[in-house]
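**Student:**
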């Protein structure tokens with residue numbers, strides 16, 4: 026199973042890449058995490074936010090493969106404990122489908138993307154900076170995997 030993170034935003038600082046890679050390197054090949062950056066929609070003074078979100082949504086749609094299990098990361102999604110994430114990840118593996126996680130831009134995902142997702146997941150009720158979301162997500166996926174294999178990392 027491959028897990029792809031389609032994240033709006035690019036040019037992350039080196040500390041973000043290092044943080045994500047710390048956990049990605051620990052994951053096995055059959056629980057691989059790939060990150061694909063999606064360019065921000067055009068924003069600026071007096072920008073049309075709906076148009077910017079529509080641009081981001083189209084760029085995300087262009088990257089979807091059609092056979093993946095889609096999880097939208099949203100504040101209004103369902104919060105999962107680490108144990109629940111491990112159960113979800115185990116179900117993803119057993120279903121034999123790759124997974125794609127969607128993270129929107131500064132104004133969130135366009136509603137049509139959210140509506141087409143198989144699940145909506147909130148990693149926190151807080152508004153988090155996107156660089157931290159990537160690191161937290163990588164760590165939680167690693168933690169979920171260690172739970173599945175009985176590794177003592179999650180104590």
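In this note's numbering, the protein residues as written are 26 to 180. Idealized CB from N, CA, C, for every residue including glycine. Everything numeric in this text was worked out from a predicted model, so none of it was measured.
#1: For residue 58 versus residue 163, is the C-beta spacing smaller than 8 angstroms?
#2: On a Cα-Cα basis, can you pick out the residue from 47, 133, 174, 158 that is closest to residue 76?
#3: To the nearest whole angstrom, what separates the beta carbons of residue 97 and residue 27, a pair I think is in contact under 8 angstroms?
#4: In chain order, what residues of the same chain have a beta carbon less than 7 angstroms from the beta carbon of residue 105, not counting five sequence neighbours either side?
#5: In the DSSP assignment, the alpha helix (DSSP H) including residue 147 goes from what residue to what residue?
#6: Can you check DSSP and say which residues form a bridge with residue 27?
#7: In whole angstroms, what is the alpha-carbon distance linking residue 49 and residue 29?
#8: In whole angstroms, what separates the C-alpha of residue 172 from that of residue 103?
#9: Do residue 81 and residue 121 have their C-beta atoms closer together than 8 angstroms?
#10: Secondary structure at residue 175, three-state DSSP: helix, strand or coil?
#11: For the beta strand (DSSP E) containing residue 88, name the first residue and the last one.
**Tutor:** Walking through what the data contain:
#1: yes
#2: 133
#3: With a Cβ gap of about 18 angstroms, residue 97 and residue 27 do not count as contacting.
#4: 113, 146
#5: Taken as a continuous stretch (DSSP letters only), residue 147 belongs to no alpha helix (DSSP H), being part of the beta strand (DSSP E) at 144-147.
#6: 57
#7: 12 angstroms
#8: 20 angstroms
#9: no
#10: coil
#11: Taken as a continuous stretch (DSSP letters only), residue 88 belongs to no beta strand (DSSP E), being part of the alpha helix (DSSP H) at 74-88.
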